[in-house]
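Reviewing the structure listed below.
Numbering (my numbering), first residue to last: 4 to 328.
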């Protein structure tokens with residue numbers, strides 16, 4: 004039917020070999036008006052010499068074929084996402100990192116022998132100051148003693164000198180006050196002695212309360228720190244007297260020396276000479292003669308170890324002969 008309609012279009016279409024143009028069955032009906040337009044276009048084109056090279060069947064076949072084809076689903080356009088540009092911060096960070104990594108290490112300063120010795124001395128002095136600070140904390144700070152009768156008298160005379168208005172310097176004023184305190188009257192002496200006795204009683208009570216506020220082990224450690232400070236600073240640091248402290252164990256020689264002092268046959272000799280004489284006798288004794296005092300030493304060491312554990316709550320750091328240290 005399609006063929007017949009095409010051939011009925013009139014004109015030149017009737018002479019075309021449409022069977023060749025439709026290589027496959029054409030199922031689309033060509034309208035009369037459409038065929039007419041194609042016929043007129045073809046007549047116009049045939050007027051030129053190029054008609055043979057552009058047959059109408061080719062154009063008609065392409066048009067009909069495209070019309071017969073089914074509509075294809077539109078393809079989705081894939082667009083590439085633009086890569087994020089590097090921010091200035093990133094560039095700056097990279098630059099900073101690169102700068103840090105490429106920075107050359109600082110050249111180590113070579114010290115001379117004098118500089119090395121000075122550095123060692125400075126470190127030693129620093130360690131010494133740190134040690135002294137720690138020892139002072141461990142040494143504790145007991146209440147200060149109150150003034151005695153002579154100090155009370157001198158302070159009283161110093162007030163008299165200030166009231167007189169002589170205009171003496173501090174050093175001269177103290178010197179004159181000390182001279183006047185030596186020649187006070189008996190009534191003044193009794194008055195200052197009574198005040199000093201009251202001060203001593205107050206101090207004894209205060210120091211005992213202070214001692215009892217610490218454990219025996221703390222007082223023992225404080226005395227050890229005071230001995231160490233006396234060695235380092237070459238000063239006097241008096242020990243804290245506490246009756247709770249465990250007495251050190253004595254060595255055999257001390258037991259022998261006590262016996263010799265109590266014998267009385269060396270009383271005519273001065274104490275230094277007496278000590279030399281007792282030491283010579285000890286060195287000349289045999290082991291059998293020393294055995295008595297060795298047993299006394301062993302018994303005293305046992306006593307020391309037992310009391311140390313009871314009072315301080317820990318084992319004694321020394322045993323045997325070294326327990327006396």
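For each residue, glycine too, the CB sits at the ideal point set by N, CA and C.
{"query": "Nearest-angstrom beta carbon gap, residue 151 and residue 199 [assumed within contact, 8 angstroms]", "result": "5 angstroms"}
{"query": "Simplified DSSP state of residue 161, which is helix, strand or coil", "result": "helix"}
{"query": "Cutoff 6 angstroms; reference residue 303; Cβ partners in own chain excluding five residues on either side", "result": "252 and 253"}
{"query": "Coarse secondary structure for residue 314, derived from DSSP in three states", "result": "helix"}
{"query": "First and last residue of the uninterrupted alpha helix (DSSP H) at residue 135", "result": "116-141"}
{"query": "Inter-residue Cα distance where the pair is residue 235 and residue 241", "result": "15 angstroms"}
{"query": "For residue 215, three-class secondary structure by DSSP", "result": "helix"}
{"query": "Cβ-based burial, residue 131 [other Cβ within 10 Å; buried from 16]", "result": "exposed"}
{"query": "Under 8 angstroms between C-beta atoms of residue 255 and residue 293", "result": "yes"}
{"query": "Unbroken alpha helix (DSSP H) run spanning residue 184, endpoints", "result": "173-185"}
{"query": "Euclidean distance between Cα positions of residue 276 and residue 299", "result": "26 angstroms"}
{"query": "CB-CB length for residue 331 against residue 245, believed under 8 angstroms", "result": "Residue 331 cannot be examined here, being either before or after the span of the chain that is shown, 4 to 328."}
{"query": "Cβ distance (whole Å) where residue 296 is taken to contact residue 258 below 8 angstroms", "result": "4 angstroms"}
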